[in-house]
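Worksheet for the structure shown next.
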Amino acid sequence: MKRRMFLTLVAATTAASATLISAPVAQAADQVKIGFLVKQPEEPWFQDEWKFAEMAAKEKGFTLVKIGAPSGEKVMSAIDNLAAQKAQGFVICTPDVKLGPGIVAKAKADGLKMMTVDDRLVDGAGKPIESVPHMGISAYNIGKQVGEGIAAEIKKRGWNMADVGAIDVTYEQLPTAHDRTTGAADALVAAGFPKANIIMAPQAKTDTENAFNAANIALTKNTKFKHWVAFALNDEGVLGAVRAAEGRGFKADNMIGVGIGGSDSALNEFKKPNPTGFYGTVIISPKRHGEETSELMYAWIKDGKEPPKLTLTSGMLATRDNVAEVREKMGLASAK
Ligand code: FCA
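Numbers 16 to 351, taken from my numbering, label the letters of the sequence shown in order.
Listed below in C-alpha cells is the structure:
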C-alpha cells in the first residue's frame, strides 16, 4: 500500500514538472506581474488593501507581488527586485512622500509603470508629483465628517463645549494627514467648539503607540477639561488617544474619539462588549484602494490605458450601532 502511494506520488510529481517545463514558454509573453508596496504592512488597512488587490489578481489572472516597504532603502531595493522578476508595474503607498523624485527615477530606470495609493508623492518643493497617477482619499472632506460627527455627539450628550478638550493627533509631514486633521478641527470650530481647546499632539509615527505617547503629553498638560474628544489621520491614531484617556479615567462616557479607516482596528473596538471612547470611524474603501488600483495598473500594462491622474475616494461615518449597515452600503460587507 505504502509503495503504491509512493509510486503514485512520483508519477504525479513527474507530470507536474513536465507541465511546468512546457508552460512558461506559452505564458511568458502575456504574463502580467504587478507589485503592491505598502509602508506599514502590519496595519489592518494595508492588509485589507492587499486582500482586495489579491481579488483583482485572481479575477484578471495576473501575479501580485506584495512587498512591505517601511523605509526608503526597502522601496528602492523592492523596485529593483520587481524589475529582476520581470514585473511590468507597481502600486505603492510610500513610507515617505518626499522620496517622490527618487522613486519616480528608479521606476523609470527599471522600466516599470507606477501609480501611488493613499499617500501622494511630492517633489523637492513639496508639490504633488502630478505626472504619477494617484488614488487617495478626499482628505479634508473626510476630516470634516470626523469633526461633524464629534460635534453632533457633543451636542447630543449636552456637554458644555467650554469644558471639552480636543486631542488633535497630528502628523504634519504627510499632506493627507494634515488635510484630514485640519478638516476635523475646522468642522469642530464651525460647530462652535472653542479653537483654544484644540490641543495639538504631534505623533512621531502613524501608529497607535506613537499616538498614545503624544496624547498622554496633551492630557498631562491640560488638566482643566471635564471631557475629551479625539481625532487623528486614522483609526490607529485615535485608538492611541482613547487608550491614553482611559488611563486617566476618561472612559466611554467622557471621551468621543472618531477615527478614519474602518478596518480591523476599528471593528475590533466595536466588537468589545462595552462601548469605549472610540465612538466612531469614517469608513473609507480598501476595496477601491486595493482592487481598483490593481485593475487600473493591469489595464495600463495590458492595454496601454493609463489610469486617471487623480482619483479621490469618499467615506461614511459609522458607529458601533450602524457599522454593519455602513459597510454593506460601501460594498465591504462580504469582505470579512
Ligand atoms: C495613509 C494612512 C493610512 C490610511 C491611508 C488611507 O496612508 O497612514 O492609515 O489611512 O492613508
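Backbone N, C-alpha and C define an ideal beta-carbon position, used for all residues, glycine too.
From a predicted model like this one, the values you see are computed outputs, not experimental measurements.
Using the C-alpha atoms, what's the distance from residue j back to residue i?
| i | j | result |
| --- | --- | --- |
| residue 268 | residue 208 | 19 Å |
| residue 65 | residue 305 | 6 Å |
| residue 92 | residue 85 | 12 Å |
| residue 149 | residue 279 | 25 Å |
| residue 125 | residue 131 | 17 Å |
| residue 98 | residue 54 | 19 Å |
| residue 37 | residue 50 | Its pLDDT being 42, under 50, residue 37 is placed unreliably by the model, and nothing is read from it. |
| residue 344 | residue 303 | 14 Å |
| residue 42 | residue 329 | Unreliable positioning characterises residue 42 in this predicted model, as indicated by a pLDDT of 47, which lies under 50. The coordinate reading is nonetheless provided below. When rounded, the distance between both Cα atoms is 39 Å. |
| residue 215 | residue 198 | 14 Å |
| residue 159 | residue 210 | 15 Å |
Less than 8 Å separating the Cβ of residue i from some heavy atom of the ligand FCA?
| i | result |
| --- | --- |
| residue 192 | yes |
| residue 160 | no |
| residue 65 | no |
| residue 185 | no |
| residue 315 | no |
| residue 276 | yes |
| residue 251 | yes |
| residue 242 | no |
| residue 55 | yes |
| residue 284 | no |
| residue 304 | yes |
| residue 326 | no |
Please work out which residues of its chain come closer than 6 Å, Cβ to Cβ, to residue i, disregarding the five sequence neighbours upstream and downstream, and give them in chain order.
| i | result |
| --- | --- |
| residue 285 | 335, 338 |
| residue 348 | 342 |
| residue 311 | 322 |
| residue 316 | 47, 103, 104 |
| residue 250 | 274, 276, 280, 281, 296 |
Taking buried to mean at least 16 other C-beta atoms within 10 Å of its own C-beta, is residue i buried or exposed?
| i | result |
| --- | --- |
| residue 78 | exposed |
| residue 110 | buried |
| residue 288 | exposed |
| residue 340 | exposed |
| residue 146 | exposed |
| residue 327 | exposed |
| residue 233 | buried |
| residue 194 | buried |
| residue 58 | buried |
Excluding the five sequence neighbours on either side, which residues of its own chain have a C-beta within less than 7 Å of the C-beta of residue i, listed in chain order?
| i | result |
| --- | --- |
| residue 144 | 115, 119, 136, 137, 138 |
| residue 113 | 137 |
| residue 257 | 245, 270, 272, 291, 292, 293 |
| residue 129 | 104, 105, 107, 122, 147 |
By Cβ distance below 8 Å, which residues in the same chain neighbour residue i in space, the five residues on each side in sequence not counted?
| i | result |
| --- | --- |
| residue 191 | 133, 134, 135, 151, 152, 154, 248 |
Can you check which of these residues, the options, is closest to residue i by C-alpha distance?
| i | options | result |
| --- | --- | --- |
| residue 331 | 163, 122, 261 | 163 |
| residue 293 | 234, 272, 307, 309 | 272 |
| residue 75 | 308, 82, 281 | 308 |
| residue 108 | 101, 140, 73, 62 | 62 |
| residue 142 | 129, 188, 121 | 188 |
| residue 173 | 52, 296, 242, 68 | 242 |
| residue 94 | 231, 52, 203 | 52 |
Kindly examine the ligand FMN and report whether one of its heavy atoms sits closer than 8 Å to the Cβ of residue i.
| i | result |
| --- | --- |
| residue 152 | Ligands displayed in this structure: the ligand FCA; the ligand FMN is not among them. |
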